[in-house]
Amino acid sequence: MFFTNLMRVILIVIGICLTSLSCKSKKESAEFFTRGNFHFKKKEYDRAEHFFSEAIRKDPKLADAYNNRGLIYLNRGEWEKAGQDFEEAVRLDKTFTEARYNLARFYTETGRADAAEPLFKNLQARMDTSSAFHNAYGQNFVVRNYYAKGEAHFKRALEINQDNVEALTNLAYVKITNHHYDEAEQLLEKALTRSPDFVFALNNRAVLHGLQKQWDQALTLLKKAEQAEPNNLIVVNNLALFYLESGDLTEGREKVLRGEKLSEKNEYTRRNRAELLLKEGKPAEALEILR
308 MFFTNLMRVI LIVIGICLTS LSCKSKKESA EFFTRGNFHF KKKEYDRAEH
358 FFSEAIRKDP KLADAYNNRG LIYLNRGEWE KAGQDFEEAV RLDKTFTEAR
408 YNLARFYTET GRADAAEPLF KNLQARMDTS SAFHNAYGQN FVVRNYYAKG
458 EAHFKRALEI NQDNVEALTN LAYVKITNHH YDEAEQLLEK ALTRSPDFVF
508 ALNNRAVLHG LQKQWDQALT LLKKAEQAEP NNLIVVNNLA LFYLESGDLT
558 EGREKVLRGE KLSEKNEYTR RNRAELLLKE GKPAEALEIL R
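And the structure:
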């Protein structure tokens, strides 16, 4: 119950490609595109969006600009717009490796993992030496419950780059789901040695402590993760659950409310509200939420 969607941020943020201007771009849109890339790399996303949009206005067939603007929409959480831009980039240039890779990852993240599969499969020969690619493809298999295939890709990612903390964390996720807790702990230790503030490694390690009812250790890790990403719904929901399970209803209630503010309809947010009502002796209200 703790593991679903633990890879959410990884799927979107890590390894998505920003492209350079392709040679087919029209001269009049080149300056806008270049300036968009400049601001994107400085994380000035509003400015970058403006220039990418201007590049598209000047040249509606500039696939590179659609791809890069899609990344900005991802950073803002504007999922529908991001998907539309990635799809348009691929429609305009079916050989555009970075756009196809971004679209495959986007489909995996947004519940269309089956649609992502042919994209990953067609990219494999070209990207077979990329650790990030194998990590992403492994995630696609895992969300479709093909754990053995996912594990094989995570291991391949680590053969290419043993310091890939996302692959270490995702391989640990598979080990947790298969109840190989000692192996998961070792992998998470490696991930956190390389990146001590990596939120998903902190979260997954907290889950391991939670499984053993080691609430203090679990909560310490989750609070550190929350400091790094205060709006990470997975972390907030796990904090709520672990506070409730540890008997701290005051802190638990506060985190339940925080989770509801972030996403009231999320299934784990609703689960936590029901758990809180049960702890408060209101089983009928809890049952109503769970229906």
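Position in the sequence shown (from 1) plus 307 gives the number in this note's numbering.
Backbone N, C-alpha and C fix where the C-beta goes; we use that ideal spot for every residue, glycine too.
Residue i and residue j: beta carbons closer than 8 Å?
i	j	result
R376	D392	yes
F505	V542	no
N511	Y480	yes
A474	A459	no
I467	S438	yes
G390	F413	yes
E394	L410	yes
E361	F339	yes
I379	Y408	no
W522	E552	yes
F427	N442	no
With 16 other CB atoms within 10 Å as the buried threshold, where does residue i fall?
i	result
Q519	exposed
R433	exposed
E387	exposed
A455	exposed
K497	buried
C330	Its pLDDT being 49, under 50, C330 is placed unreliably in this model, and the coordinates cannot settle the point.
R366	At residue 366 the sequence reads Asp, which differs from the Arg that was named. D366 should be labelled buried.
H486	exposed
E571	exposed
T402	exposed
L594	exposed
F345	exposed
K562	buried
G554	exposed
G418	exposed
Considering only C-alpha positions, which residue in the set the options is nearest to residue i?
i	options	result
Y488	L426, H346, A513, R565	A513
R578	Y480, G554, N409, N545	N545
E416	E395, V450, R433	V450
R565	G588, A581, N538	N538
Q534	E561, L509, L369, E361	L509
L540	G554, L556, K428, N573	N573
E567	R342, S553, S502, L583	L583
G384	R598, L569, K589	L569
I363	P503, K349, A337, L430	A337
A607	N374, L381, L430	No statement about residue 607 is possible, as the shown extent of the chain runs from 308 to 598 and does not include it.
A547	E536, Y575, K531	Y575
K531	N382, L499, G559	L499
E424	L381, G457, R398	G457
Cutting at 6 Å between CB atoms, please list the residues of its own chain near residue i, excluding the five before and the five after it.
i	result
A420	N447, V450, R451
E335	K365
I596	R577, R580, A581
A525	A513, H516, G517, F549
Y453	none
A372	F340, F359, A362, I363
G343	A355, F358, F359
S332	The predicted model places S332 with a pLDDT of 46, which falls under 50 and marks its position as unreliable; any figure quoted below should be read in that light. Same-chain partners within the cutoff: L369.
E558	Y550
Short of 8 Å in beta carbon distance, which residues of its chain neighbour residue i, apart from the five on each side in sequence? Order them along the chain.
i	result
L556	Y550, L583, K586, E587
L495	L475, T476, A479, A508, N511, R512, L515
L430	T404, R407, Y408, A411, F440
L529	L509, N510, A513, V542, N545, L546, F549
Can you list, in chain order, the residues of its chain with a C-beta nearer than 7 Å to that of residue i? Leave out the 5 residues immediately preceding and following it.
i	result
R501	D470, V472
P590	none
R560	L583
N382	Y352
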